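Below is one structure, written out as structure tokens; comments come after it.
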Amino acid sequence: MSTTQLTSVADLPAIEDFITFDDFSRDFVEAARELRGREGTDFLRGPMNSLVVLRNKDARTLAANPALGNVPADIVLWMATEADLGSGPVTKPDPEQTEGYGRFLRNQVFTTNPPLHQPYRNLLVRPLMPRNILRFAPAAARLAQELVEECAGRDQTDFSREFAGRFVTRFWAEQLGLSRDQAAHVQHLMEEMSLTFLLTRTPEQSQRLFSAAATYMDVVGEAVRKAWSDGGNALLDNMAAELTTIDVEGKPEDIGSLVASNFFDGFHTIGVAIENVVFRMLSDGTALEQIRADPALVTSAFYEGTRLESPLILSQRLTLQDVEYNGVSVPAGTPVVMMWASANRDPEVFDDPDSYRLTRQIQHGATFGGGAHLCPGRNVARMLTEIAVTALTAPDVDIALVGDDHEWAAHTMMRQLTALPVTIRRVHR
Amino acid sequence: MPEIRFIEADGTPHRVEAVVGQSLKQAALDHLVPGIIGDCGGCASCGTCHAYIDEKYLPLLPPADENEEMILEGVPASRTSNSRLTCQIPVTADMAGMEVQIPDTQF
């Protein structure tokens with residue numbers, strides 16, 4: 001009989017034994033690359049005695065472990081308002097300031113656990129499965145063409161704001177019954193709410209985030225309630241009907257709050273995915289021509305772009321019970337941080353992992369999480385990205401980067417460039 | 430270990446010595462069978478391990494639950510009466526000789 005020597009999370013080497021937290025969070029991709037190259041860094045201890053996982057196999061295995069649940073909304077709110085990551089003073093806001101942000105968190109499937117999690121997740125998964133989203137494709141293609149026309153009339157396009165963000169907010173606005181003006185308002189609110197991904201915020205940034213979240217919940221929630229009561233929206237009708245069948249405490253307040261909280265990633269993060277995929281495509285010397293020559297490569301462009309620049313750099317879960325994994329003892333209640341930015345560049349899984357290859361065999365990375373928490377919107381993310389890239393690589397369209405000095409935003413969980421100026425032109429070939 | 434034949438959509442066969450008790454999806458992944466992906470890790474959350482099971486072996490399988498049915502309704506390839514998520518099928522000794530047809534697309 002053999003016994004396995006277990007190491008508790010508290011006894012693991014700390015990130016700060018290798019690199020300061022400030023450097024770690026400045027550019028997670030670079031920091032993870034450096035850490036992977038050191039001995040004994042497969043599992044690290046992060047802030048608040050969290051378990052930080054760098055390797056692809058470990059991240060995917062743990063992501064699929066049902067003992068790892070979501071971080072409940074009250075803890076996420078505490079982390080957003082009071083947690084001290086060691087990078088500056090923490091200013092605790094008044095509860096009334098965070099009411100809207102708390103509502104935003106409470107109604108998200110990503111903050112629920114059993115028994116509510118599965119029926120709630122199914123409500124979102126069902127309409128967003130590959131076969132069920134095909135009906136949205138014509139609208140997405142029309143909107144992509146509309147934006148190519150708009151951008152082709154400009155000297156220069158701010159791709160993040162004037163194409164990617166506008167595309168996804170207009171798309172979801174149409175599907176969810178919001179007006180164009182409301183879509184523009186939501187896009188502005190997304191820019192404010194992206195502050196939620198910062199590891200630490202100034203009091204002024206926190207105030208902007210909480211204010212934007214409250215407005216967002218009101219604007220989208222009200223618009224969706226009205227669209228649903230007006231009738232004729234199958235997406236809303238089906239979700240609202242399924243919501244009535246869920247009889248578990250803590251379920252979403254109503255169809256308006258449900259949609260507002262959960263389609264944030266549709267309004268926001270899918271836009272970042274499109275931006276990162278297009279940036280990677282344009283940064284490569286030959287990818288644009290390859291895709292023009294073989295439009296089916298848009299699928300590779302999506303997977304390779306989001307593998308290298310996964311919009312969400314990491315996911316945090318919470319152990320719902322004691323877990324033992326690969327010699328590490330993880331007590332119940334431990335935050336587990338799966339670093340997708342590292343797992344997606346693990347050389348044990350991806351040959352020459354930092355290179356961009358459209359010919360790489362598609363291996364589904366960990367961009368959209370895993371297990372029961374796999375992102376319900378990942379199929380739409382891929383469809384919208386492919387439609388956008390198809391429109392931008394059409395034979396009569398030229399798209400090019402402006403300048404070559406691109407910078408990733410620092411100290412944020414969102415992999416996003418600080419700016420992505422491009423030119424988009426109609427041409428005759 | 431029962432031998433199971435996975436057949437790609439283009440007809441390419443893969444003979445797999447599966448371990449009793451593991452899932453059909455894991456048997457395919459362990460032998461690098463193309464076309465069985467299993468994005469979610471095996472909890473019937475994604476549909477990327479969809480396959481068509483040899484009709485005569487269907488009675489041996491546990492029935493699909495409500496969750497698996499919901500996922501199967503949305504998979505991109507055609508759903509047929511022998512469609513199953515391979516992550517939900519534990520390998521048993523009497524599956525020796527079973528053929529599993531892989532669909533032409535999983536996503």
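As they're listed, the protein sequences go chains A and B. Be aware that the first sequence starts at 1, since it is given in the working numbering, and climbs by one per residue. Be aware that the second sequence starts at 430, since it is given in the working numbering, and climbs by one per residue. Yeah, the Cβ is synthetic: ideal placement off N, Cα and C, and Gly gets one too. Predicted model only: the values in this text are computed from it and were never measured.
Span of the beta strand (DSSP E) around residue i
{"i": "D398/A", "result": "397 to 401"}
{"i": "G46/A", "result": "43 to 46"}
{"i": "M339/A", "result": "335 to 339"}
{"i": "E528/B", "result": "528 to 530"}
{"i": "E446/B", "result": "442 to 446"}
{"i": "E82/A", "result": "Taken as a continuous stretch (DSSP letters only), E82/A belongs to no beta strand (DSSP E), as it is neither H nor E."}
{"i": "S452/B", "result": "Neither: S452/B is in no beta strand (DSSP E) and is coded neither H nor E."}
{"i": "T316/A", "result": "Note that residue 316/A is Gln in the sequence shown, not Thr. That run of the beta strand (DSSP E) goes 314 to 319."}
{"i": "S424/A", "result": "Strictly speaking, residue 424/A in this sequence is Ile, with Ser absent from that position. Run containing I424/A: 421 to 426, per the beta strand (DSSP E) assignment."}
{"i": "E495/B", "result": "Run containing E495/B: none in the beta strand (DSSP E); it sits in the alpha helix (DSSP H), 495 to 503."}
{"i": "L51/A", "result": "50 to 53"}
{"i": "L105/A", "result": "That residue, L105/A, is in no beta strand (DSSP E); its alpha helix (DSSP H) goes 99 to 106."}
Beta carbon proximity, residue i to chain A, threshold 7 Å
{"i": "P519/B", "result": "no"}
{"i": "C469/B", "result": "yes"}
{"i": "S512/B", "result": "no"}
{"i": "C516/B", "result": "no"}
{"i": "D439/B", "result": "no"}
Contact list for residue i against chain B, beta-carbon separation under 7 Å
{"i": "N70/A", "result": "Simply none; closest approach about 14 Å."}
Residue i at chain B interface by Cβ criterion, 7 Å
{"i": "P311/A", "result": "no"}
{"i": "P295/A", "result": "no"}
{"i": "G370/A", "result": "yes"}
{"i": "A64/A", "result": "yes"}
{"i": "L374/A", "result": "yes"}
{"i": "M1/A", "result": "Any reading at M1/A needs caution, since the residue's pLDDT is 45, under 50, leaving its predicted position unreliable; the model's value is listed next. Answer no: the Cβ-Cβ gap between M1/A and chain B never drops below 7 Å."}
{"i": "L417/A", "result": "no"}
Buried or exposed (CB count within 10 angstroms, at least 16 for buried), residue i
{"i": "M524/B", "result": "buried"}
{"i": "R429/A", "result": "exposed"}
{"i": "M1/A", "result": "Confidence at M1/A is low in this model, with a pLDDT of 45, below 50, so the placement of that residue should be treated as unreliable; the coordinate-derived value is given next. Its Cβ having fewer than 16 others within 10 Å, M1/A is exposed."}
{"i": "E309/A", "result": "buried"}
{"i": "L6/A", "result": "exposed"}
{"i": "K223/A", "result": "Residue identity check: residue 223/A is Ala in the sequence provided, not Lys. Under this definition A223/A is a buried residue."}
{"i": "D494/B", "result": "exposed"}
{"i": "W340/A", "result": "buried"}
{"i": "S507/B", "result": "exposed"}
{"i": "I362/A", "result": "exposed"}
{"i": "V248/A", "result": "exposed"}
{"i": "S179/A", "result": "exposed"}
{"i": "P95/A", "result": "exposed"}
{"i": "R38/A", "result": "exposed"}
{"i": "G467/B", "result": "buried"}
Under 9 Å from the C-beta of residue i: neighbouring residues of chain A
{"i": "P505/B", "result": "M129, P130, R131, L134, N379"}
{"i": "F435/B", "result": "Those do not exist, as F435/B stays about 17 Å from chain A at its closest Cβ, beyond 9 Å."}
Boundaries of the alpha helix (DSSP H) in which residue i is found, first to last residue
{"i": "H479/B", "result": "Per DSSP, H479/B belongs to no alpha helix (DSSP H); it is in the beta strand (DSSP E), 479 to 482."}
{"i": "F435/B", "result": "First-last for F435/B: 432 to 436, but that is the beta strand (DSSP E), not the alpha helix (DSSP H)."}
{"i": "P188/A", "result": "The residue asked about is misnamed: residue 188/A is His in this sequence, not Pro. Taken as a continuous stretch (DSSP letters only), the alpha helix (DSSP H) holding H188/A covers 180 to 193."}
{"i": "V248/A", "result": "No alpha helix (DSSP H) contains V248/A, which DSSP labels as neither H nor E."}
{"i": "Q118/A", "result": "117 to 125"}
{"i": "T34/A", "result": "The question names Thr, yet the displayed sequence has Glu at residue 34/A. Note, E34/A: alpha helix (DSSP H), 28 to 36."}
{"i": "V220/A", "result": "203 to 230"}
{"i": "V277/A", "result": "269 to 283"}
{"i": "S261/A", "result": "255 to 262"}
Partners in chain B for residue i, counting only beta-carbon separations shorter than 8 Å
{"i": "N122/A", "result": "N496, M499"}
{"i": "R126/A", "result": "M499, E502, G503"}
{"i": "Q118/A", "result": "N496"}
{"i": "R201/A", "result": "Those within 8 Å of R201/A in chain B number zero; the least Cβ separation is about 33 Å."}
{"i": "R60/A", "result": "G470"}
Chain-ordered chain A contacts of residue i [CB-CB under 8 Å]
{"i": "G476/B", "result": "M129, P130"}
8 Å contact criterion, which residue i and residue j should meet: CB distance rounded
{"i": "A410/A", "j": "D27/A", "result": "7 Å"}
{"i": "I531/B", "j": "L514/B", "result": "Between L514/B and I531/B the Cβ distance is about 13 Å, and since that is not below 8 Å, they are no contact."}
{"i": "P138/A", "j": "P505/B", "result": "Actually they do not touch by this definition, with Cβ atoms about 17 Å apart."}
{"i": "R426/A", "j": "V397/A", "result": "6 Å"}
{"i": "V449/B", "j": "A522/B", "result": "6 Å"}
{"i": "E432/B", "j": "D483/B", "result": "Actually they are not in contact, since the Cβ atoms of E432/B and D483/B sit about 13 Å apart, beyond 8 Å."}
{"i": "T319/A", "j": "N276/A", "result": "Wrong, their Cβ atoms sit about 31 Å apart, outside the cutoff."}
{"i": "L297/A", "j": "Q290/A", "result": "6 Å"}
{"i": "L199/A", "j": "L209/A", "result": "Wrong, their Cβ atoms sit about 13 Å apart, outside the cutoff."}
{"i": "L314/A", "j": "V337/A", "result": "5 Å"}
{"i": "A140/A", "j": "M383/A", "result": "7 Å"}
9 Å Cβ cut-off: residues of chain B touching residue i
{"i": "R292/A", "result": "Going along chain B, no residue has its Cβ under 9 Å from R292/A, so there is no contact; the nearest lies around 23 Å."}
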